[in-house]
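Scroll down for the structure; my scribbles are underneath it.
There are 2 protein chains.
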Amino acid sequence: MLTERQLLILKVTVDDYIESAQPVGSNQLSKKSELPFSPATIRNAMADLEKMGFLEKTHTSSGRIPSQKGYRYYVDHLLTPRPLPKQDILQLQSIFDDKIAETEEVIKRSAMILSELTNYTAILLGPDVRKHTVKRLSIVPLGADSAVAIIVTDSGHVENRVFPIPPGLDPSDIEKMVNILNERLAGVSLNDLHMRLEQETLSIFRQHINRYAELFTTFRQAVVLPHEDNVYYAGKLNILKQPDFHDIHKIRSLMDVMEESKHIPMIMPAGSLGLQIRIGSENTLSAMEDCSVITVAYAIGEEQTGSIAIVGPKRMDYKRVVTLLDTLSGDLSKELTRLLRGK
Amino acid sequence: MLTERQLLILKVTVDDYIESAQPVGSNQLSKKSELPFSPATIRNAMADLEKMGFLEKTHTSSGRIPSQKGYRYYVDHLLTPRPLPKQDILQLQSIFDDKIAETEEVIKRSAMILSELTNYTAILLGPDVRKHTVKRLSIVPLGADSAVAIIVTDSGHVENRVFPIPPGLDPSDIEKMVNILNERLAGVSLNDLHMRLEQETLSIFRQHINRYAELFTTFRQAVVLPHEDNVYYAGKLNILKQPDFHDIHKIRSLMDVMEESKHIPMIMPAGSLGLQIRIGSENTLSAMEDCSVITVAYAIGEEQTGSIAIVGPKRMDYKRVVTLLDTLSGDLSKELTRLLRGK
DNA sequence: CTTAGCACTCGAACCTATAGAGTGCTAACA
DNA sequence: TGTTAGCACTCTATAGGTTCGAGTGCTAAG
Numbered sequence: 001m002l003t004e005r006q007l008l009i010l011k012v013t014v015d016d017y018i019e020s021a022q023p024v025g026s027n028q029l030s031k032k033s034e035l036p037f038s039p040a041t042i043r044n045a046m047a048d049l050e051k052m053g054f055l056e057k058t059h060t061s062s063g064r065i066p067s068q069k070g071y072r073y074y075v076d077h078l079l080t081p082r083p084l085p086k087q088d089i090l091q092l093q094s095i096f097d098d099k100i101a102e103t104e105e106v107i108k109r110s111a112m113i114l115s116e117l118t119n120y121t122a123i124l125l126g127p128d129v130r131k132h133t134v135k136r137l138s139i140v141p142l143g144a145d146s147a148v149a150i151i152v153t154d155s156g157h158v159e160n161r162v163f164p165i166p167p168g169l170d171p172s173d174i175e176k177m178v179n180i181l182n183e184r185l186a187g188v189s190l191n192d193l194h195m196r197l198e199q200e201t202l203s204i205f206r207q208h209i210n211r212y213a214e215l216f217t218t219f220r221q222a223v224v225l226p227h228e229d230n231v232y233y234a235g236k237l238n239i240l241k242q243p244d245f246h247d248i249h250k251i252r253s254l255m256d257v258m259e260e261s262k263h264i265p266m267i268m269p270a271g272s273l274g275l276q277i278r279i280g281s282e283n284t285l286s287a288m289e290d291c292s293v294i295t296v297a298y299a300i301g302e303e304q305t306g307s308i309a310i311v312g313p314k315r316m317d318y319k320r321v322v323t324l325l326d327t328l329s330g331d332l333s334k335e336l337t338r339l340l341r342g343k
Numbered sequence: 344m345l346t347e348r349q350l351l352i353l354k355v356t357v358d359d360y361i362e363s364a365q366p367v368g369s370n371q372l373s374k375k376s377e378l379p380f381s382p383a384t385i386r387n388a389m390a391d392l393e394k395m396g397f398l399e400k401t402h403t404s405s406g407r408i409p410s411q412k413g414y415r416y417y418v419d420h421l422l423t424p425r426p427l428p429k430q431d432i433l434q435l436q437s438i439f440d441d442k443i444a445e446t447e448e449v450i451k452r453s454a455m456i457l458s459e460l461t462n463y464t465a466i467l468l469g470p471d472v473r474k475h476t477v478k479r480l481s482i483v484p485l486g487a488d489s490a491v492a493i494i495v496t497d498s499g500h501v502e503n504r505v506f507p508i509p510p511g512l513d514p515s516d517i518e519k520m521v522n523i524l525n526e527r528l529a530g531v532s533l534n535d536l537h538m539r540l541e542q543e544t545l546s547i548f549r550q551h552i553n554r555y556a557e558l559f560t561t562f563r564q565a566v567v568l569p570h571e572d573n574v575y576y577a578g579k580l581n582i583l584k585q586p587d588f589h590d591i592h593k594i595r596s597l598m599d600v601m602e603e604s605k606h607i608p609m610i611m612p613a614g615s616l617g618l619q620i621r622i623g624s625e626n627t628l629s630a631m632e633d634c635s636v637i638t639v640a641y642a643i644g645e646e647q648t649g650s651i652a653i654v655g656p657k658r659m660d661y662k663r664v665v666t667l668l669d670t671l672s673g674d675l676s677k678e679l680t681r682l683l684r685g686k
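Residue numbers (the numbering used here), protein chains in the order written: chain B, 1 to 343; chain H, 344 to 686.
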């Protein structure tokens, strides 16, 4: 068990290291007014903390830095959230200042502001497009042999894809097809669209449309969404500002991993409610073993969710980021739900 | 005037430095079979080349590296284009392998392949969306108070934006409006859209639609396109592979500049036909003074153009990149024009 | 005109000494 | 008994010195 004093010293050590990025020594600490002890006393306590695995030395006679376990304890027990400075609150609220009507636009702005406020990298995951439902389908012919298929969802999101149409097709057939599609598929989620397309409309096409087979096949291919996940990054270059990252190779593999959208689920695991902090090797990806990631979910209405992640060095300003994310996730949920309801 | 031998030695020196990234010495060069001279002879020639400003020394007793003037001369007079290896040609052609119908998709893939083939950063500028013409306008109401405006262009590009609609508006009015818009504005370029909207449709709205003013105002705001230029990047992280860039601050300001789309016109000036090479400080942006940029334009049909840029170190493999860009720009023009014609 | 020879220069790598920050331990102190 | 002063010790970072090697410029011989 840790004594009061040890706790205090652990906290101050971590705080100091977070701020200075330099190993912390007992002399330095003894100068702080929170710690009215002599360097020797602090040394003893730090030695204990090291024995227990909360602190580490970079070499025999250096000051100490928090270990992974040290950060973990700090985050779990020593984080005294402090209200955000007004300046920050104002800036967070500026996200919603202009009356933006688009979910995606709001999310993009959130990412930007967040990366500016933290100086870390912000990754925002929008709500899963596949849960959106079809509001309107349309097909706009572009010329003799191609057309663009457009799907508008209830959220105002628009998916579109150009696809080839069989040559010599009667334009009125396309019109018929669009009507049937809208009649049958309005309200279907994008996820089910592909399946329902066959179930509900194929037989009707067969009855009403000449040469339905070719048209149907190419259209179906167009609406299989190899949609990019809607991930928004901001402040990718902020990593380069951190003194913790000096090794170009590490930076590269880190940036590589973050760009690659297939790694997103590893960085911000879905389905976790509330705020999550992963420190160093607690991250699944080895390229991120020197990083900490803080994630939080937000909600849009009752069903849809998105998530926010901040990626920074292990030595990140947890206190500040946690408060920022807490606030933003609340605001974002409120605002986006309001937007959704309006529709 | 330069002698034959000096030319040869300049060329080999630049070639060697491009390959090795190390200052080139006379001993090293004398071992090459292209240069059957003694080190002393080569030394004399190199001393001359230095006096004339084509080569530089990093310090008194070091080997030499090409100066800006040296690169310029090399590029202007000593570049002997060499046919592309089959491997590269195959990979370039793989861009058009799948029958992709979308211009944007083709451009994206080109950027990717190009950055892979060169190991530099590729920036591709798509054709100016503002020159595309309206194929179909539509408005899809999302609920009581908002709707999404959709513009499909002749190229198959889709612009969309959510905008608020006045509460209590008659849905049939929207339908009327869409009909009028399509009747009057089909074929208008996106650039002129805003102007023509007022000229051609406002008076008609006045006659046919109740409360046209509010609807018109918000709709007009929606179709003012603060469209992102369609710029596609690939291989942004390739800079980190170059041994020339070790200073994290320089890397950061370079990456910063490249991300910011407002700098794009500075990086790849429009309106230049043919292939352009800018070396070091020939670039307008000071963040790019250690880079070379090679740009080339491509055409889509008779009117539209886009451009391709490769950003790498001054010590870039000009020969290879020039050939690659020449080939790709031709292929791209052909393929995209074909795509356009089909519509 | 070319080249061999040679003295010279400079950076990179390595060693050494020193200063300074920090530690652990012991003994004195309240 | 817990706290602190004192002290020897450790290790890094820095600066200075030496050596090695690659490269140069110049001169004189071929």
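In this text, a Cβ means the ideal position worked out from N, Cα and C, and glycines have one as well. For clarity, every value in this text was computed on a predicted model and none was experimentally measured.
query: Measuring straight from C-alpha to C-alpha, what distance separates H:PRO586 and H:ALA364?; result: 8 Å
query: Sort out for me which residues DSSP pairs B:THR133 with in a bridge.; result: B:SER189
query: Shorter than 8 Å from the beta carbon of B:GLY301 to some beta carbon of chain H?; result: no
query: Would you kindly report the start and end of the unbroken beta strand (DSSP E) that includes H:GLY649?; result: 647-656
query: Less than 8 Å between CB atoms is the rule here; does B:ALA101 satisfy it with respect to chain H?; result: yes
query: To the nearest angstrom, how far is it from the Cα of B:ILE107 to the Cα of H:MET389?; result: 59 Å
query: Three or more C-beta pairs closer than 8 Å, one from the stretch 476-496 of chain H and one from the stretch 513-520 of chain H: is that the case here?; result: yes
query: Can you give the Cα-Cα distance for B:TYR318 and B:LEU237, rounded to whole angstroms?; result: 20 Å
query: Under the three-state reduction of DSSP, which class applies to H:GLN371: helix, strand or coil?; result: helix
query: Could you tell me if H:ASP441 is buried or exposed, where buried requires 16 or more neighbouring beta carbons within 10 angstroms of its beta carbon?; result: exposed
query: Between the Cα of B:PHE245 and those of B:ALA287, B:ARG338 and B:LEU215, spot the shortest distance and give me the residue it belongs to.; result: B:ALA287
query: Classify B:GLU104 as helix, strand or coil using the three-state DSSP reduction.; result: helix
query: Looking only at its chain, what residues have a beta carbon closer than 6 Å to the beta carbon of H:LYS400, apart from the 5 residues adjacent to it on each side?; result: ARG407
query: Looking at chain H, is there any beta carbon in it that lies within less than 8 Å of the beta carbon of B:ASN182?; result: no
query: Verify the CB distance criterion: does B:LEU237 have a CB-CB separation below 8 Å to chain H?; result: yes
query: Using only the alpha-carbon positions, how far apart do H:ALA577 and H:THR464 sit?; result: 6 Å
query: According to DSSP, simplified to helix, strand and coil, what is H:ILE466?; result: strand
query: Span of the beta strand (DSSP E) holding H:LEU398?; result: 398-400
query: What's the call for B:VAL296, buried or exposed, on a 16-neighbour Cβ count within 10 Å?; result: buried
query: Could you tell me the distance, in whole angstroms, from the CA atom of H:SER672 to the CA atom of H:SER453?; result: 10 Å
query: Below 8 Å, can you find three or more Cβ-Cβ pairs linking the stretch 521-536 of chain H to the stretch 189-209 of chain B?; result: no
query: In three-state terms, what does DSSP make of B:ASN160?; result: strand
query: Looking at C-beta atoms only, is the number of pairs between the stretch 276-294 of chain B and the stretch 247-258 of chain B that lie closer than 8 Å three or more?; result: yes
query: Going along chain B, which residues have a C-beta under 7 Å from H:ASP599?; result: LEU237
query: Which of the three DSSP states, helix, strand or coil, is assigned to H:ILE753?; result: Since the first and last residues shown for chain H are 344 and 686, residue 753 of chain H lies out of range.
query: Report yes or no: do the stretch 494-511 of chain H and the stretch 461-475 of chain H share at least 3 C-beta pairs separated by less than 8 Å?; result: yes
query: When the Cα atoms are used, what is the spatial distance from B:ILE209 to H:LEU618?; result: 51 Å
query: In chain order, what residues of the same chain have a beta carbon less than 8 Å from the beta carbon of H:ILE607, not counting five sequence neighbours either side?; result: ILE466, LEU468, ASP572 and VAL574
query: Tell me, which residues are paired with H:THR638 by DSSP?; result: H:GLN619 and H:ALA652
query: Hey, is H:LEU485's beta-carbon within less than 8 Å of any beta-carbon in chain B?; result: yes
query: Out of curiosity, what's the CA-to-CA distance linking B:ILE294 and B:MET268?; result: 9 Å
query: Have a look at B:ARG278, B:GLU302, B:ASP326 and B:THR337 and flag the residue whose alpha-carbon is nearest the alpha-carbon of B:VAL311.; result: B:ARG278
query: Which residues, taken in chain order from the stretch 530-541 of chain H, show a beta carbon closer than 9 Å to some beta carbon of chain B?; result: none
query: Could you please give the first and the last residue of the uninterrupted beta strand (DSSP E) stretch that includes H:VAL574?; result: 574-577
query: Please report the Cβ distance between B:LEU273 and B:THR118, rounded to the nearest whole angstrom; I am assuming they are in contact, meaning their Cβ atoms lie under 8 Å.; result: Wrong, their Cβ atoms sit about 22 Å apart, outside the cutoff.
query: With a threshold of 16 other CB atoms inside 10 Å of the CB of H:SER635, please say whether the residue is buried or exposed.; result: buried
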